Amino acid sequence: MCPFAGGSSSAFRHWQAEQLADCALSLVTWPGRDRLRHLEPLRSITQLAALLANELEASVSPDTPLLLAGHSMGAQVAFETCRLLEQRGLAPQGLIISGCHAPHLHSERQLSHRDDADFIAELIDIGGCSPELRENQELMSLFLPLLRADFYATESYHYDSPDVCPPLRTPALLLCGSHDREASWQQVDAWRQWLSHVTGPVVIDGDHFYPIQQARSFFTQIVRHFPHAFSAMTAWQKQPSTSER
1 MCPFAGGSSS AFRHWQAEQL ADCALSLVTW PGRDRLRHLE PLRSITQLAA
51 LLANELEASV SPDTPLLLAG HSMGAQVAFE TCRLLEQRGL APQGLIISGC
101 HAPHLHSERQ LSHRDDADFI AELIDIGGCS PELRENQELM SLFLPLLRAD
151 FYATESYHYD SPDVCPPLRT PALLLCGSHD REASWQQVDA WRQWLSHVTG
201 PVVIDGDHFY PIQQARSFFT QIVRHFPHAF SAMTAWQKQP STSER
């Protein structure tokens, strides 16, 4: 799962309580946060995608069933990562694009050029600023460079037309929030022009952060639309290890 702008493992703590069949749920950690907080954050969606694609190619065996998901900024990274994996003959079994406008559309909010006060005010309006962060100026000063890097990356990601590349072949599921002001149903539906095999957009109750607010509904839609992938995951995990064969 590729997280939204500013997202880190702490935002998804309660996901551990959710059971996704027998699969392993992994949250991608970007440079500048959590265990990689000593690294400079990247300011490019394509750079983040290349980093993830290289890591998956090196660490995931070709016979491992893989679903690639992303929310908001993470959906952009997931899409670009999927494209790279397809080019390398390592296409995942499914792609989940959640809460994000299509690449040829522009974000209705542009935060990266705002001064600190306006930037923080916009974050609060979106709902992406925790009370702890708002009330702790020292902590906010530490997080601002990371947040600005993420918003610069997502706001800079744009293609003039879907004609710039062939549609992805990987089966895709589109998700959106019922009250999401950052990515409307129509903006999410526009991803169809970039995908060959697509379902949705499926609407989940909630605002822009519905994957956090409605985690079970979020996972339920993924399992429902990719049952073959979860069957493959279960079968693969039940295979004997090399030492047992």
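Residue numbers (the UniProt record's numbering): 1 to 245. Heads up, the beta-carbon is just placed ideally off N, CA and C, and yes, glycines get one too. In this text the structure is predicted, and so the values were computed from the model without any measurement.
For the stretch 118 to 133 against the stretch 79 to 99, are there 3 or more C-beta pairs whose distance is under 8 Å?
-> Taking 8 Å as the limit for Cβ pairs, the verdict is that the stretch 79 to 99 does not touch the stretch 118 to 133.
What whole-angstrom Cβ distance do residue 159 and residue 104 have, given they're in contact under 8 Å?
-> About 5 Å separates the two Cβ atoms, so the contact holds.
Cα-Cα separation, residue 7 to residue 143 | Approximately 11 Å between the Cα atoms of the pair.
Who are residue 174's beta bridge partners in DSSP?
-> In DSSP, residue 174 forms a bridge with 97.
Please state if the CB of residue 188 and the CB of residue 171 are separated by a distance shorter than 8 Å.
-> If you check the CB distance, residue 171 and residue 188 do not come in under 8 Å.
Output the boundary residues of the beta strand (DSSP E) element that contains residue 199.
-> Counting along the chain, residue 199 sits inside the beta strand (DSSP E) bounded by residues 198 to 204.
Anticipated Cβ contact below 8 Å, residue 96 with residue 27, distance rounded = Their Cβ separation, rounded to whole angstroms, is 13 Å, which puts residue 96 and residue 27 out of contact at 8 Å.
Quick one: Cα of residue 141 to Cα of residue 73, how far?
-> Straight through space, the alpha carbons of residue 73 and residue 141 are spaced by roughly 22 Å.
DSSP state of residue 14, grouped into three classes?
-> Helix.
Can you tell me whether DSSP reads residue 58 as helix, strand or coil?
-> Residue 58 carries a helical assignment under DSSP once its states are collapsed to helix, strand and coil.
Residue 91 versus residue 166: straight-line alpha-carbon distance, rounded | Taking the Cα positions, residue 91 is about 14 Å away from residue 166.
Proximity to residue 47 [Cα-Cα], best of 31, 14, 25 = Distance check between residue 47 and each of 31, 14, 25 places 31 closest, using alpha-carbon atoms only.
Measure from the alpha carbon of residue 14 to the alpha carbon of each residue in 102, 212, 130, then state which is nearest.
-> Comparing C-alpha distances from residue 14 to each of 102, 212, 130 shows the shortest one belongs to 212.
Per-residue DSSP class, three states only, for residue 253 | With the chain covering only 1 through 245, there is no way to say anything about residue 253.
Beta-carbon spacing of residue 219, residue 204 below 8 Å = In this structure, residue 204 does not lie closer than 8 Å to residue 219 by Cβ.
Which value, in whole angstroms, describes the spacing of the CA atoms of residue 225 and residue 29?
-> Cα to Cα, the separation comes out at about 26 Å.
Would you mind sorting residue 125 into buried or exposed? The rule is 16 or more other CB atoms within 10 Å of its CB.
-> Of the residues assessed, residue 125 falls on the exposed side of the cut-off, its CB having fewer than 16 other CB atoms within 10 angstroms.
Sequence-distant residues of its chain with Cβ nearer than 8 Å to residue 183 (five each side left out) = Short of 8 Å from the beta carbon of residue 183, and not among the five residues preceding or following it, lie these beta carbons of its own chain, in chain order: 72, 99, 100, 101, 176, 177, 208.
Cα-Cα, which of 50, 94, 40, 82 is closest to residue 65?
-> Comparing alpha-carbon positions, the option among 50, 94, 40, 82 lying closest to residue 65 turns out to be 94.
CA nearest to the CA of residue 83, picked from 53, 112, 197 = Among 53, 112, 197, the Cα nearest to that of residue 83 is on 53.
Smallest Cα separation from residue 250: which of 3, 147, 36?
-> This structure leaves residue 250 out entirely; the chain is present only between 1 and 245.
Per-residue burial, residue 33 [other beta carbons within 10 Å of its own, 16 or more giving buried] | Buried is the label assigned to residue 33, since at least 16 other Cβ atoms lie within 10 Å of its Cβ.
Should residue 49 go down as buried or exposed, given a rule of 16 or more other Cβ atoms within 10 Å for buried?
-> The residue is buried, with at least 16 neighbouring Cβ atoms inside 10 Å.
Any idea if residue 180 is buried or exposed, counting beta-carbon neighbours within 10 angstroms, 16 or more meaning buried?
-> It counts as buried.
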